[in-house]
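Residue numbers (our numbering): 28 to 269.
What follows is the structure, given as structure tokens:
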């Protein structure tokens with residue numbers, strides 16, 4: 028808690044110094060309540076930000092957006108992300124591993140091939156809260172109560188939502204009740220909201236995973252567009268292509 032309060036006191040220019048990304052995924056919405064948004068990619072070339080190859084509509088949490096815990100701290104005057112609130116975390120986030128159903132995936136990112144024993148723990152009381160675990164390693168009792176098995180197709184045949192996915196490093200300190208298991212993943216269908224993740228058509232996600240380069244320190248930015256415009260100069264974020 029002390030660390031979070033300290034981060035809230037840091038000036039924005041200090042936070043901007045931490046933004047070393049040369050690839051950005053930017054998701055913007057019209058307002059905090061929006062459940063649909065637009066994803067675009069940007070990459071640095073010769074010291075200048077240019078549009079990347081992926082631009083696509085996305086579906087967000089059923090309750091809109093709320094400030095999450097990432098590189099840029101939560102803000103006290105806006106909604107705050109909490110476990111089970113159905114909101115997509117807003118802020119600036121590093122990215123973790125990709126995961127999916129297939130043994131391999133066309134991506135330069137670290138990749139986890141999931142199985143029936145793969146879970147993300149969304150139970151705040153669990154010592155594995157907000158972590159990907161294997162029940163064969165931690166024990167079946169340790170994943171009791173989790174609503175996030177990573178092989179959704181084994182529960183519902185044809186469910187492709189986690190066929191390809193990418194971990195967003197929201198709440199990296201695994202603070203209880205601050206929100207867990209945030210991913211970029213395949214959507215159930217156009218306009219279908221999520222429990223807090225960012226979802227898109229499978230071809231767009233495949234293109235995104237193929238574009239991302241861990242050597243470029245890629246990051247995810249999620250904000251209502253008016254908030255992005257206001258904070259971009261202070262945070263060193265690029266202007267968005269029109």
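Glycine included, each C-beta is placed from N, C-alpha and C at the ideal position.
Close-in-space but distant-in-sequence residues of the same chain around residue i (CB under 6 Å, 5 per side omitted)
i, result
"residue 243", "49 and 50"
"residue 264", "none"
"residue 79", "68, 69 and 70"
"residue 138", "125 and 132"
"residue 252", "55"
Coarse secondary structure for residue i, derived from DSSP in three states
i, result
"residue 37", "Its pLDDT being 34, under 50, residue 37 is placed unreliably by the model, and the measurement read from it follows with that caveat. Residue state, collapsed to three classes: coil."
"residue 189", "coil"
"residue 28", "Below a pLDDT of 50, predicted positions are generally treated as unreliable, and residue 28, at 29, falls in that range; no measurement from the model is reported."
"residue 124", "strand"
"residue 80", "strand"
"residue 150", "coil"
"residue 158", "coil"
"residue 93", "strand"
"residue 250", "strand"
"residue 196", "coil"
"residue 99", "coil"
"residue 273", "Limits of the chain in this structure are 28 at one end and 269 at the other, which puts residue 273 out of reach."
"residue 264", "coil"
"residue 44", "Caution is warranted here: a pLDDT of 38 is assigned to residue 44, below 50, making its placement in the model unreliable, and the coordinate value is therefore given only provisionally. Of the three classes helix, strand and coil, the one that applies to residue 44 here is helix, per DSSP."
"residue 226", "strand"
"residue 181", "helix"
"residue 168", "helix"
Proximal residues to residue i (C-beta, below 7 Å), its chain only, five neighbours per side dropped
i, result
"residue 47", "244"
Per DSSP, the bridge partner or partners of residue i
i, result
"residue 110", "Residue 110 is not bridged to any residue."
"residue 220", "None; residue 220 has no bridge partner."
"residue 130", "According to DSSP, which records beta bridges pairwise, residue 130 is partnered with nothing at all."
"residue 85", "64"
"residue 202", "Looking at the DSSP assignment, residue 202 forms no beta bridge with any residue, so it has no partner."
Segment limits, alpha helix (DSSP H) that includes residue i
i, result
"residue 164", "162-165"
"residue 231", "229-238"
Span of the beta strand (DSSP E), counted from its first residue to its last, around residue i
i, result
"residue 211", "210-213"
"residue 66", "63-72"
"residue 51", "50-56"
Own chain residues within Cβ distance below 8 Å of residue i, not counting five before or after
i, result
"residue 188", "179, 212, 213, 214, 215 and 226"
"residue 255", "53, 55, 248, 264 and 267"
Would you call the region 109-117 and the region 211-226 touching, i.e. three or more CB-CB distances under 8 Å? yes
Cβ contact check for the region 128-143 and the region 165-183: 3 or more pairs under 8 Å: yes
Assess, as a yes-or-no matter, whether the region 196-203 is touched by the region 96-103 under the definition of 3 or more beta carbon pairs within less than 8 Å. The region 96-103 is in contact with the region 196-203.
The region 115-135 touching the region 225-240, judged by at least three CB pairs closer than 8 Å: yes
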